[in-house]
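Take a look at the structure set out below.
In the working numbering, the protein residues as written are 23 to 126.
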């Protein structure tokens, strides 16, 4: 009968509306989760940028340290060379002194 069909239709409509409500709640939760994920990703990207900048800074410092190390090595080489010259001159002077002492 028409009244039972109407009753069935109302029941189906009620169930459908309940499902729609449930789906809307789920969609809302999904949107909230997505926003959290986006925020988290933005923080992570910012953190990655900071790490990249720190890395670049460290690479620059490492290059500066390498240059200083090379300068130190060059200075050491020069000092050793000067020390050898000094030793040679000292030996020459000592020999000259001995020769002069022998003459006197």
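For glycine and all other residues, C-beta sits at the position ideal for the given N, C-alpha and C.
Separation of residue 102 from residue 80, as counted between CA atoms: 32 Å
Output the distance between the C-alpha atoms of residue 86 and residue 68, rounded to the nearest integer angstrom. 27 Å
Identify the continuous alpha helix (DSSP H) that holds residue 79 and give its terminal residues. 24-125
Measure the alpha-carbon distance for residue 93 versus residue 125 and round it to whole angstroms. 48 Å
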